[in-house]
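Protein chains in written order, with the numbering used here: chain L, 173 to 436; chain C, 173 to 436. Heads up, the thing below is written out as structure tokens.
2 protein chains.
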Amino acid sequence: MFTIIGVIKMSAKGFQARIEEASESHTSKIVLALDYVLNDREALFRRSLQMVETLAPHLCAVKINRHLVLPLGLHPHVERLVTVAHDLDLPAIMDCKINDIGDTNHEIARRYFEAGFDAVTANPFIGWEGGLEPVFKLAGESGKGVILLVYMSHRSAGEGYGQKVVDSRTGHERRQYLVFAERAVAWGADGVVVGATYPEKIREVNQVLKDRIPIFSPGIGVQGGALNRVAEAGASYFIIGRSILLSPDPLEAVKAFKEGLDRE
Amino acid sequence: MFTIIGVIKMSAKGFQARIEEASESHTSKIVLALDYVLNDREALFRRSLQMVETLAPHLCAVKINRHLVLPLGLHPHVERLVTVAHDLDLPAIMDCKINDIGDTNHEIARRYFEAGFDAVTANPFIGWEGGLEPVFKLAGESGKGVILLVYMSHRSAGEGYGQKVVDSRTGHERRQYLVFAERAVAWGADGVVVGATYPEKIREVNQVLKDRIPIFSPGIGVQGGALNRVAEAGASYFIIGRSILLSPDPLEAVKAFKEGLDRE
Numbered sequence: 173m174f175t176i177i178g179v180i181k182m183s184a185k186g187f188q189a190r191i192e193e194a195s196e197s198h199t200s201k202i203v204l205a206l207d208y209v210l211n212d213r214e215a216l217f218r219r220s221l222q223m224v225e226t227l228a229p230h231l232c233a234v235k236i237n238r239h240l241v242l243p244l245g246l247h248p249h250v251e252r253l254v255t256v257a258h259d260l261d262l263p264a265i266m267d268c269k270i271n272d273i274g275d276t277n278h279e280i281a282r283r284y285f286e287a288g289f290d291a292v293t294a295n296p297f298i299g300w301e302g303g304l305e306p307v308f309k310l311a312g313e314s315g316k317g318v319i320l321l322v323y324m325s326h327r328s329a330g331e332g333y334g335q336k337v338v339d340s341r342t343g344h345e346r347r348q349y350l351v352f353a354e355r356a357v358a359w360g361a362d363g364v365v366v367g368a369t370y371p372e373k374i375r376e377v378n379q380v381l382k383d384r385i386p387i388f389s390p391g392i393g394v395q396g397g398a399l400n401r402v403a404e405a406g407a408s409y410f411i412i413g414r415s416i417l418l419s420p421d422p423l424e425a426v427k428a429f430k431e432g433l434d435r436e
Numbered sequence: 173m174f175t176i177i178g179v180i181k182m183s184a185k186g187f188q189a190r191i192e193e194a195s196e197s198h199t200s201k202i203v204l205a206l207d208y209v210l211n212d213r214e215a216l217f218r219r220s221l222q223m224v225e226t227l228a229p230h231l232c233a234v235k236i237n238r239h240l241v242l243p244l245g246l247h248p249h250v251e252r253l254v255t256v257a258h259d260l261d262l263p264a265i266m267d268c269k270i271n272d273i274g275d276t277n278h279e280i281a282r283r284y285f286e287a288g289f290d291a292v293t294a295n296p297f298i299g300w301e302g303g304l305e306p307v308f309k310l311a312g313e314s315g316k317g318v319i320l321l322v323y324m325s326h327r328s329a330g331e332g333y334g335q336k337v338v339d340s341r342t343g344h345e346r347r348q349y350l351v352f353a354e355r356a357v358a359w360g361a362d363g364v365v366v367g368a369t370y371p372e373k374i375r376e377v378n379q380v381l382k383d384r385i386p387i388f389s390p391g392i393g394v395q396g397g398a399l400n401r402v403a404e405a406g407a408s409y410f411i412i413g414r415s416i417l418l419s420p421d422p423l424e425a426v427k428a429f430k431e432g433l434d435r436e
């Protein structure tokens, strides 16, 4: 009934080196978000696979989330997509937005890393001790990456990521996302997410990160983010999903985004 | 290769009515957290199933998280566990701690509701518009529940849930978890989570909720929470996992917890 699941395959290079390498060899900074919504699971798997194979030469990574994991299952289908991405020299990011207690966070990360994923996303709101520490530890031991959410792309992002918080040491008021950007530096994150819909936040976050940690920016196209403003503001990688997937010609769409970036 | 997945089965009664009914008929306020960690997936499924069947008469609900969903898959194995729980008159809660953008949150909730789950957990940090609104809408339309995280049980919970935030309208400083408790009331949540490791927070949150929304309290036993203090502080339901699952006699363990509560 079940197949045997393996241990985490160690990676000689870290996640940042792998995505940089893919970005250079494919001259692309586009991360494909495989966010299809289809009720026919057979078609969902087939189309996702086909999209990775068709677009790979124009991508630097593939990002998968629960749009695929829940209907398809991690084993064997999502694991298979990760293997195909690797065979096409693309790292795979699992956008699971980890935000549970430490033991569960560790288990979530372990399962995704064992399935071959090169990095996971996590919410720094959860804190370090008994929170994200076990995830960073596991990632560090196995050459995997952790990408922290710093400011998301949706309309009410300001209610949490944008709120003013009081620094417990200094008593000064600060914005939540700048506190998160500092945590990314202190914890040694391999990337941060800042929504393309808030380019001014990308600039501010970049000032905290000082180019030490790449910014991944989702929300371009369908969600309203403009590529040129986001690139200008300092994002390193551009997460694009529906604007490519739902285009009548996904290959042309991804090429157009690449050209748009080249003009920067 | 794939089986057909269904639509969301409408529930005549809401989630709160269903858990109250199960709690009365089983005279129990214990929610079993099925958080096994086992590499043998066949054994993981078998043991989880056996545990639900054995302990059902002493429970008011079953809570599942990614400890099971990732290795077993939602279809057909986790879905099967949910069906077995229902057959034994227990609602099933999916502890997925939703914290993504609205479209993805909707997709996550839809998939779990379609698999039969009666409620999902979500992080109010994400905000309403384009955040949790689609989840509450879907839950409301299909008689399902949404349980919001208000204060978690882990050591660094204070870094996020316990931080001081500035109220954007009044300019006053407030604790994050009290803001979250108010969101639970405003958004019509069916439950909130407050860690058993922080009984004083349960009391404070209860003052905001005014008994309109039940408090689910995890972290009893292995994590250090004491049942009597938590019950006294005003929690309605007690989420217990490892203290039962890893006990040499799980049935005796769950009975002992029940008796401990009866003495209150």
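We treat Cβ as the ideally placed atom computed from N, Cα and C, and that holds for glycine.
Q: Name the residue from L/Lys269, L/Arg219, L/Val351 and L/Ser314 whose alpha carbon lies nearest to the alpha carbon of arginine 119 of chain L.
A: Examination of residue 119 of chain L is not possible in this model, given that chain L is present from 173 through 436 alone.
Proximity test, Cβ basis, 7 Å: serine 328 of chain L and chain C
At least one chain C Cβ lies under 7 Å of serine 328 of chain L.
Using only CA atoms, which one of L/Leu242, L/Leu231 and L/Tyr323 lies nearest to arginine 190 of chain L? Nearest Cα to arginine 190 of chain L within the set L/Leu242, L/Leu231 and L/Tyr323: L/Leu231.
* Asked: What distance in whole Å lies between the Cβ atoms of aspartate 362 of chain L and phenylalanine 217 of chain L, which are believed to be in contact at a cut-off of 8 Å?
  -> Contact doesn't hold; Cβ gap of about 28 Å is too wide.
Task: C-alpha distance - leucine 350 of chain L paired with glycine 332 of chain C, whole-angstrom precision - done: A straight-line Cα-Cα distance of about 14 Å links leucine 350 of chain L and glycine 332 of chain C.
Review point. Are the beta-carbon atoms of aspartate 261 of chain L and alanine 194 of chain L separated by less than 7 Å?
Key: Yes, Cβ-Cβ distance for aspartate 261 of chain L and alanine 194 of chain L is below 7 Å.
**Prompt:** Any beta-carbon of chain C closer than 7 Å to the one on aspartate 421 of chain L?
**Reply:** For aspartate 421 of chain L, not one C-beta of chain C is nearer than 7 Å to its own C-beta.
Looking only at its chain, what residues have a beta carbon closer than 8 Å to the beta carbon of valine 337 of chain L, apart from the 5 residues adjacent to it on each side? Closer than 8 Å at the Cβ level, and outside the excluded window around valine 337 of chain L, lie Glu345, Arg346, Arg347, Gln348 and Val351.
**When L/Lys382, L/Arg282 and L/Thr199 are compared against aspartate 290 of chain L, the one with the closest alpha-carbon** = Distance check between aspartate 290 of chain L and each of L/Lys382, L/Arg282 and L/Thr199 places L/Arg282 closest, using alpha-carbon atoms only.
Range covered by the alpha helix (DSSP H) that runs through leucine 320 of chain C: DSSP places leucine 320 of chain C in no alpha helix (DSSP H) but in the uninterrupted beta strand (DSSP E) bounded by 317 to 323.
Please determine, among C/Leu253, C/Ala358, C/Ala329 and C/Glu313, the residue with the shortest C-alpha to C-alpha distance to alanine 368 of chain C. The alpha carbon of alanine 368 of chain C has as its nearest neighbour, out of C/Leu253, C/Ala358, C/Ala329 and C/Glu313, the alpha carbon of C/Ala329.
Exercise for the section: Check whether the Cβ atoms of lysine 316 of chain C and aspartate 267 of chain C lie closer than 7 Å to each other. Expected result: Aspartate 267 of chain C is positioned such that its CB atom lies no closer than 7 Å to that of lysine 316 of chain C.
Worksheet item: Going along the chain, which residues of the segment 261 to 274 of chain C sit with their C-beta nearer than 7 Å to a C-beta in chain A?
Response: Reference to chain A is not applicable here, since the protein chains of this structure are L and C.
Just the C-alpha distance for isoleucine 298 of chain L and lysine 201 of chain L, rounded to the nearest angstrom, thanks. Their backbone Cα atoms lie some 29 Å apart in a straight line.
ask   = By a C-beta neighbour count over all protein chains shown, 10 Å radius and 16 as the cutoff for buried, is glutamine 222 of chain L buried or exposed?
value = Answer is exposed; the Cβ neighbour count stays below 16.
Exercise. Please list, in chain order, all residues of the same chain as leucine 144 of chain C whose beta carbon is under 8 Å from its beta carbon, the five residues on each side excluded.
Key: No information on residue 144 of chain C is available, as it lies outside the stretch 173 to 436 that chain C covers here.
Residue range of the alpha helix (DSSP H) that tyrosine 284 of chain L falls in?
-> Note, tyrosine 284 of chain L: alpha helix (DSSP H), 274 to 286.
- Query: Got a sec: which bits of the segment 289 to 305 of chain L sit with their beta carbon under 9 Å from any beta carbon on chain C, in order along the chain?
  - Reply: Here the close residues are Asn295, Pro296, Phe297, Ile298, Gly299, Trp300, Glu301, Gly302, Gly303, Leu304 and Glu305.
*May I ask you to list, following chain order, the residues of the segment 236 to 248 of chain C that have a beta carbon less than 9 Å from some beta carbon of chain L?*
Close to chain L, meaning a Cβ-Cβ distance shorter than 9 Å, are the following residues of the segment 236 to 248 of chain C: Asn237, Arg238, His239, Val241, Leu242, Pro243, Leu244, Gly245, Leu246 and His247.
Quiz item: If we ignore side chains and look at the alpha-carbon of each, how far apart do glycine 303 of chain L and proline 420 of chain L end up?
Solution: Distance between the alpha carbons of glycine 303 of chain L and proline 420 of chain L: 43 Å.
Verify whether the separation of the beta carbon atoms of serine 389 of chain C and valine 377 of chain C is less than 7 Å. Not in contact: serine 389 of chain C and valine 377 of chain C (Cβ atoms no closer than 7 Å).
At the level of alpha carbons, what is the spacing between isoleucine 265 of chain L and isoleucine 273 of chain C?
Distance between the alpha carbons of isoleucine 265 of chain L and isoleucine 273 of chain C: 17 Å.
List the residues of chain L whose Cβ lies closer than 9 Å to the Cβ of valine 337 of chain C, in chain order. Those within 9 Å of valine 337 of chain C in chain L are Gln335, Lys336, Val337, Val338 and Gln348.
Assuming alanine 405 of chain L contacts isoleucine 374 of chain L under a Cβ cut-off of 8 Å, what Cβ separation, rounded to an integer in Å, is found between them?
-> The C-beta separation of alanine 405 of chain L from isoleucine 374 of chain L comes to about 4 Å, placing the pair in contact by the 8 Å criterion.
inquiry  = With a threshold of 6 Å on Cβ separation, who are the neighbours of aspartate 207 of chain C within its own chain once the five nearest residues in sequence on each side are excluded?
reply    = Correct list, in chain order: His239 and Gly413.
Query - Neighbourhood of valine 318 of chain C by C-beta distance below 7 Å, restricted to the same chain and skipping five residues each side - result: Excluding five sequence positions before and after valine 318 of chain C, the CB atoms of its chain that fall closer than 7 Å to its own CB belong to Ala291, Val292, Ala294, Val307, Phe308, Ala311, Ala361 and Asp362, given in chain order.
Quiz prompt | Contacts of glycine 360 of chain C in chain L (Cβ-Cβ under 7 Å) | solution = Going along chain L, no residue has its Cβ under 7 Å from glycine 360 of chain C, so there is no contact; the nearest lies around 16 Å.
For this session: Look up phenylalanine 410 of chain C in the DSSP assignment and give the residues it is bridged to.
Result: Answer by DSSP bridge pairing, in chain order: C/Ile202 and C/Ser389.
Boundaries of the alpha helix (DSSP H) in which aspartate 259 of chain C is found, first to last residue = From DSSP, the alpha helix (DSSP H) with aspartate 259 of chain C extends over 251 to 259.
Original post:
Going by the C-beta, is arginine 238 of chain L closer than 6 Å to any heavy atom of the ligand ATP?
Top reply: With respect to the ligand ATP, the structure offers nothing, as it holds no ligand at all.
Checklist entry - By Cβ distance below 8 Å, which residues in the same chain neighbour glycine 288 of chain C in space, the five residues on each side in sequence not counted? => result Lys181, Glu251, Val254, Thr255, His258 and Ala264.
| task | Answer yes or no: does any C-beta atom of chain L fall closer than 7 Å to that of isoleucine 280 of chain C? | result | Yes, isoleucine 280 of chain C counts as interfacial toward chain L.
Quiz item: Could one say the Cβ of arginine 190 of chain L lies closer than 7 Å to chain C's Cβ atoms, at least one of them?
Solution: It does not; no Cβ of chain C falls within 7 Å.
Practice problem: Specify, as a first and last residue, the run of the alpha helix (DSSP H) that valine 209 of chain C falls within. | Solution: Where valine 209 of chain C is concerned, there is no enclosing alpha helix (DSSP H), given that its DSSP letter is neither H nor E.
Using a Cβ cut-off of 7 Å, pull out every chain C residue sitting near valine 209 of chain L, in sequence order please. Within chain C, the residues near valine 209 of chain L are Glu279.
- Comparing alpha-carbon positions, which option in C/Asp212, C/Val364 and C/Leu433 lies nearest leucine 320 of chain C? The shortest Cα separation from leucine 320 of chain C among C/Asp212, C/Val364 and C/Leu433 belongs to C/Val364.
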